[in-house]
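J.: In the working numbering, the protein residues as written are 943 to 1227.
Cβ coordinates follow ideal geometry from the N, Cα and C atoms, glycine included.
A quick note: this is a predicted structure, and the numbers were derived from the prediction, not measured.
Sharing a structure, written as structure tokens. Questions coming.
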């Protein structure tokens, strides 16, 4: 009813702009009395004949010219840095561009860090072998070769003394992936390490260190069927963050996006946050 009255009033208002007529004014006033409040009535008299136009513009619903964007607040993640981790970038720079004395000092420090296991064993070894591959100075090459021989002896010494099966398997894995062995020797050690870990997990099926190490060994052997079987079995029983991250990384390599999404949903349902920076960039952006 109100819209009809305003519409009629609007027509009368426009007509009165063309030719003022007292009849239209009184008719407009009567129609206003039916529905308008006192304040609106006074306004309609003062602003006659423009009030109907103003009123029509006020009640007309306008669509926004922008598209509303839904967003939610996210807490900034903070973490304590691990001071035991060492960035190998400075070593790379010194090995490529340093003087002979600087290179030898970098190699010595690299050996000490490997000995104390303060850097990734395999990454440290690969860096030392890179020195031999790209270096032209014979003194630096001999120094590096001696460091590599000492590391091999260190690995063999640890393997001879370790009684813990998981630790033994871990150093066997390091040794298998080191450049000291032929391809056949590498495969033999990996198969032996796999058997050791499978036997250990029969007795201690929820040992997370053994599970994670076994998954690494199986990836090197290319046994994807067994990897997926173990992941399916262990993820149902163990809600352990590194296991979820390793599973997602594996399925990303296999390009199994469906499985990654399912794991990601479970991962977030436990309020986990990524420790693996590569995964964080890939899956969170």
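(1) List in chain order: all unbroken alpha helix (DSSP H) runs of 4+ residues lying wholly within the segment 1130-1175.
(2) With a Cβ-Cβ cutoff of 7 Å, do residue 1138 and residue 1103 count as a contact?
(3) Can you give the Cα-Cα distance for residue 1039 and residue 1032, rounded to whole angstroms?
(4) When the Cβ atoms of the segment 1167-1180 are set against those of the segment 1110-1124, are three or more pairs found closer than 8 Å?
(5) Taking the alpha-carbon positions, what's the residue 1096 to residue 1056 distance?
(6) State yes or no: is the C-beta of residue 1135 within less than 7 Å of the C-beta of residue 1114?
(7) For residue 1118 and residue 1068, what's the separation of their Cα atoms in angstroms?
(8) In this structure, how does DSSP classify residue 1050 when only helix, strand and coil are distinguished?
(9) Since residue 1155 and residue 1220 are thought to touch, with beta carbons under 8 Å apart, how far apart are those beta carbons, to the nearest angstrom?
(10) Assuming residue 1064 and residue 1089 form a contact by the criterion Cβ under 8 Å, report the distance between their Cβ atoms to the nearest whole angstrom.
(11) Could you tell me whether the Cβ atoms of residue 1152 and residue 1160 are closer together than 7 Å?
(12) So what's residue 1097 in DSSP terms, helix, strand or just coil?
(13) How far does the alpha helix (DSSP H) with residue 1183 in it reach, from first residue to last?
(14) Count the other CB atoms, across all protein chains shown, that sit within 10 Å of the CB of residue 1073; report buried if there are 16 or more and exposed otherwise.
(15) How many Å lie between residue 1180 and residue 1053 at the Cα?
(16) In or out: residue 1188 buried (at least 16 other Cβ within 10 Å) or exposed?
(17) Can you tell me whether residue 1018 is helix, strand or coil according to DSSP?
(18) Just the C-alpha distance for residue 1190 and residue 1162, rounded to the nearest angstrom, thanks.
(19) Mapping DSSP to helix, strand and coil, what is residue 1106?
(20) Please name the residue in 1100, 1173, 1211 and 1203 whose C-alpha comes closest to that of residue 1225.
(21) Just confirm the distance between the C-beta atoms of residue 1036 and residue 1048, as a whole number of angstroms; I'd bet it's less than 8 Å.
(22) In whole angstroms, what separates the C-alpha of residue 1215 from that of residue 1208?
(23) Suppose you measure from the CA of residue 1077 to the CA of residue 1050; what does that come to, to the nearest Å?
T.: For this structure:
(1) 1150-1163
(2) no
(3) 10 Å
(4) no
(5) 10 Å
(6) yes
(7) 13 Å
(8) helix
(9) No, residue 1155 and residue 1220 are not in contact; Cβ-Cβ is about 20 Å, not under 8 Å.
(10) In fact, because the Cβ distance is near 15 Å, the residues do not count as touching under 8 Å.
(11) no
(12) helix
(13) 1183-1195
(14) buried
(15) 37 Å
(16) buried
(17) Residue confidence is low: residue 1018 scores 48 on pLDDT, short of 50, so the model does not pin down where it sits. No coordinate-derived value is stated.
(18) 17 Å
(19) coil
(20) 1203
(21) 4 Å
(22) 12 Å
(23) 16 Å
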